[in-house]
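Enquirer:
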Amino acid sequence: MSDVERRLEEDRMLRDAALGLFKADLALIRADIAERGVGARIKNRIGEGTADMLEDAVDYAEENRGKIAAAVAAVVLWFARGPIIDALGRLFDDGDEEAVEPVEPDSRSA
123 MSDVERRLEE
133 DRMLRDAALG
143 LFKADLALIR
153 ADIAERGVGA
163 RIKNRIGEGT
173 ADMLEDAVDY
183 AEENRGKIAA
193 AVAAVVLWFA
203 RGPIIDALGR
213 LFDDGDEEAV
223 EPVEPDSRSA
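When we follow the working numbering, the leftmost residue of the sequence shown carries the number 123, and every step to the right adds one.
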């Protein structure tokens, strides 16, 4: 057997071995998909991602309690800004000013 024929035989054996591995992997994947469908896999992947994200958020909140408290206070104050401004206006109102009557819009502006 010449050197070229020997190399060709080795290459064929490597090719056949690789094909055997590929077919075995493909059979395992098909069996795994048949056992647990694509929908269940997607659900599991989303569940794992959500759990990881929640864990990261809890870790961040534990490390930055002051920043979280300040952010919550800022949001509460933002939503309560109208009543707070009204209360401050009544508190600092001297009562010396005359009541201003609202001006009715004239028909030209409509």
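Glycine residues also receive a C-beta, built at the ideal position from the N, C-alpha and C atoms.
The model shown is predicted, which means the values in this text are computed figures rather than measured ones.
1. Mapping DSSP to helix, strand and coil, what is residue 226?
2. Going straight from the alpha carbon of residue 198 to that of residue 164, what length do you get?
3. Please report how far the alpha carbon of residue 131 lies from the alpha carbon of residue 125, in whole angstroms.
4. Assuming residue 190 and residue 183 form a contact by the criterion Cβ under 8 Å, report the distance between their Cβ atoms to the nearest whole angstrom.
5. Just to confirm the assignment, what range does the alpha helix (DSSP H) spanning residue 175 have?
6. First and last residue of the alpha helix (DSSP H) that includes residue 156?
7. Whole angstroms are fine: how far does the CA of residue 200 sit from the CA of residue 157?
8. Whole angstroms are fine: how far does the CA of residue 178 sit from the CA of residue 204?
Expert: By the coordinates alone:
1. coil
2. 38 Å
3. 10 Å
4. 5 Å
5. 160–185
6. 125–157
7. The straight-line gap from Cα to Cα measures roughly 52 Å.
8. 35 Å
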